[in-house]
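Trainee: The structure under discussion is supplied below as structure tokens; questions concerning it will follow.
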Amino acid sequence: MNSNKLAIHGGNPVRKQYLPYGRQWIGEDDIKAVASILRSDFLTTGPILKDFEEKVANYVGTTYAVAFSSGTAALHAACFTAGITHSSEVITSSITFAASANCVLYMGATPIFADIDPQTYNIDPACIEKLVNRKTKAIIPVHFTGMPTDLDAIKRIAAKNELVIIEDAAHALGSLYKGKLIGSNGDMTMFSFHPIKHITTGEGGIITTNNKEYYEKLMQFRSHGITRVPENLLEDQGPWYYEMQFLGYNYRLTDIQAALGLNQLKKLNYFLRRRRDYAKMYNAGLRGLKEIRLPASKEGYESSWHLYVIRLNLDLLSVGRREIFEALQKENIGVNVHYQPVYLMPYYQELGYRKGLCPEAEEFYKEAITLPLFPSMTPKDVSDVIRGVKKVISYYKKIDLSGADGTDDTNYTPG
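Numbering (the working numbering), first residue to last: 19 to 433.
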């Protein structure tokens, strides 16, 4: 079979309009909320931001929440707050966005990549345990796709070795681990408000915590290391006085963004229901295709379904992941890939990380494809994706020459 056939020849795609893998859902109510701030006295960090932080903390079930200009900024602040320095090592997942490791580099520390559980694609606690040494300061587990990682096992390792846990929950707002919302009872948890996440502030992130000392450091770090809190000042020169006590950053979120986030937060449970309903549709519609593996489910774990990732059984297909990916794109289905192991990026290769470090992660990367999933999709959109996947898989599956499967795909021309 000519693997270039699809890319060269036309046909009738499953969809007329291109469907992206993710998209924000902004309503007129969101626009009005933002416009009201533009007419107010505060544009940057003001009362709306404080309200947003309090409501996120209330939703998750923590005492404190500190918002930042991005999820990456929030992770950077959490690393500073955890006391990570140039002599520290921090263990994180190999399958994640680069920010989960970059935040460690920002502190001059060393990211240590652990392999993944081949079922859930989350960080493998057994690998974490093998990597802990006297330099290890923290663990950054990632709740990949919204599926919670094994927090009990990770907490046991952290307690035994006096490590801080910084949960990267960029995908996991609304996820449940053993009946509790992710972010409710950890050291520090980061949520992202990028446009394709569960709710958006345009760009933005937040750290939730129950630790007052962490809260105060996070607040100060996001504003140049400056404090005006009277009891924290080294001296008091008057009501105007403030002190820069360490080198922080300008990582503040604006009231404009917070207003959008506040309004989006009202719709979070509705957004989550739609994501979960569509994931169920995918599971039902794609079950039985032996050429692909569907996302894992575990008792006591409830995903918020930021991403829906299928894994190809390449032994049963006549082509590789790239050809399947390009074929689905030709069907106007905006698939994506999440993620390449971070240490395979050119910059990390220059730092000395090498291929073969995490075999399970590298195998996963060869086989993973992310299907579209976002709340403003329609059931028809989901059905189109299911039809497209079946169409492409049927075309590229290895033919059983005995005819045992009763199919004949020789006359099929993909879109």
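Note that beta-carbon positions come from the ideal geometry of N, C-alpha and C, so glycine has one too.
(1) Out of SER412, PRO166 and GLY45, which one is the CA nearest neighbour of GLN137?
(2) Sort out for me which residues DSSP pairs SER210 with in a bridge.
(3) Can you list, in chain order, the residues of its chain whose CB lies under 7 Å from that of ILE172, leaving out five sequence neighbours each side?
(4) Comparing C-alpha positions only, which one of LEU194, PRO359, GLU309 and ASN350 sits nearest to GLY338?
(5) Whose C-beta lies closer than 8 Å to the C-beta of ASN331 among residues of the same chain, with five residues either side of it excluded?
(6) In whole angstroms, what is the alpha-carbon distance linking GLY164 and HIS94?
(7) Looking at PHE209: is its Cβ nearer than 7 Å to the Cβ of GLY222?
(8) In the DSSP assignment, the alpha helix (DSSP H) including PHE86 goes from what residue to what residue?
(9) How should THR62 be labelled, buried or exposed, when 16 other C-beta atoms within 10 angstroms of its C-beta is the threshold for buried?
(10) Tell me the DSSP bridge mates of GLU107?
(11) Considering only DSSP beta bridges, list what ASN354 is partnered with.
(12) With respect to the beta strand (DSSP E) encompassing TYR7, which residues constitute its N-terminal and C-terminal limits?
(13) For the putative contact between GLN347 and VAL353, defined by C-beta atoms under 8 Å, what is the C-beta separation to the nearest angstrom?
(14) Can you tell me the Cα-Cα spacing of SER88 and ILE417, whole angstroms?
(15) For the stretch 177–197 against the stretch 238–246, are there 3 or more C-beta pairs whose distance is under 8 Å?
(16) For MET299, which three-state DSSP category applies?
(17) What runs of the beta strand (DSSP E), each 3 residues or longer, lie entirely inside the stretch 160–206?
(18) Using CA atoms only, rank isn't needed, just tell me which of PRO393, ALA75, PHE131 and ILE134 is closest to TRP323.
(19) For HIS83 and LYS409, what's the separation of their Cα atoms in angstroms?
(20) Considering ALA449, what are the terminal residues of the alpha helix (DSSP H) in which it resides?
(21) When you compare the stretch 112–123 with the stretch 247–267, are there three or more beta-carbon pairs, one atom per stretch, that lie closer than 8 Å?
(22) Give every residue of the same chain whose Cβ lies closer than 8 Å to the Cβ of ILE217, excluding the five residues on either side of it in the sequence, and list them in chain order.
(23) Run through DSSP, which three-state label would LYS415 get?
Mentor: Considering the structure as presented:
(1) Nearest C-alpha to GLN137: PRO166.
(2) Looking at the DSSP assignment, SER210 forms a beta bridge with GLY223.
(3) Apart from sequence neighbours up to five positions away, the residues of its chain that approach ILE172 with a beta-carbon distance below 7 Å are PRO143, ILE146, ILE157, PRO159 and ILE183, ordered along the chain.
(4) The residue with the shortest Cα to Cα distance from GLY338 is GLU309.
(5) Shown here for ASN331: same chain residues with a beta carbon closer than 8 Å to its own, the five before and five after excluded, namely LYS308, GLU309, ILE310, ARG311 and GLU385 in chain order.
(6) Whole-angstrom Cα-Cα distance: 21 Å.
(7) Taking C-beta atoms as the reference points, PHE209 and GLY222 fail to come closer than 7 Å.
(8) Unbroken run through PHE86 is the beta strand (DSSP E), 82–86; no alpha helix (DSSP H).
(9) Exposed.
(10) As a beta-bridge residue in DSSP terms, GLU107 pairs with THR128 and THR154.
(11) ASN354 pairs with THR388.
(12) Past the edges of the chain, shown from 19 to 433, lies residue 7, and the structure says nothing about it.
(13) Yes, GLN347 and VAL353 are in contact; Cβ-Cβ is about 7 Å, under 8 Å.
(14) Whole-angstrom Cα-Cα distance: 48 Å.
(15) Taking 8 Å as the limit for Cβ pairs, the verdict is that the stretch 238–246 does not touch the stretch 177–197.
(16) In the three-state reduction of the DSSP assignment, MET299 falls in the helix class.
(17) Here the runs fully enclosed are 182–186.
(18) Among PRO393, ALA75, PHE131 and ILE134, the Cα nearest to that of TRP323 is on PRO393.
(19) In the sequence under discussion, the amino acid at residue 83 is Ala, which differs from the His named in the question. Our two residues, ALA83 and LYS409, have alpha carbons roughly 46 Å apart in a direct line.
(20) Examination of residue 449 is not possible in this model, given that the chain is present from 19 through 433 alone.
(21) No: the two stretches stay apart, fewer than three of their Cβ pairs being nearer than 8 Å.
(22) In its chain, beyond the 5 residues on either side, LEU191, PHE211, GLY279, GLN282, LEU283, LYS285, LEU286 and PHE289 have a beta carbon closer than 8 Å to the beta carbon of ILE217.
(23) Secondary structure of LYS415 (DSSP, three-state): strand.
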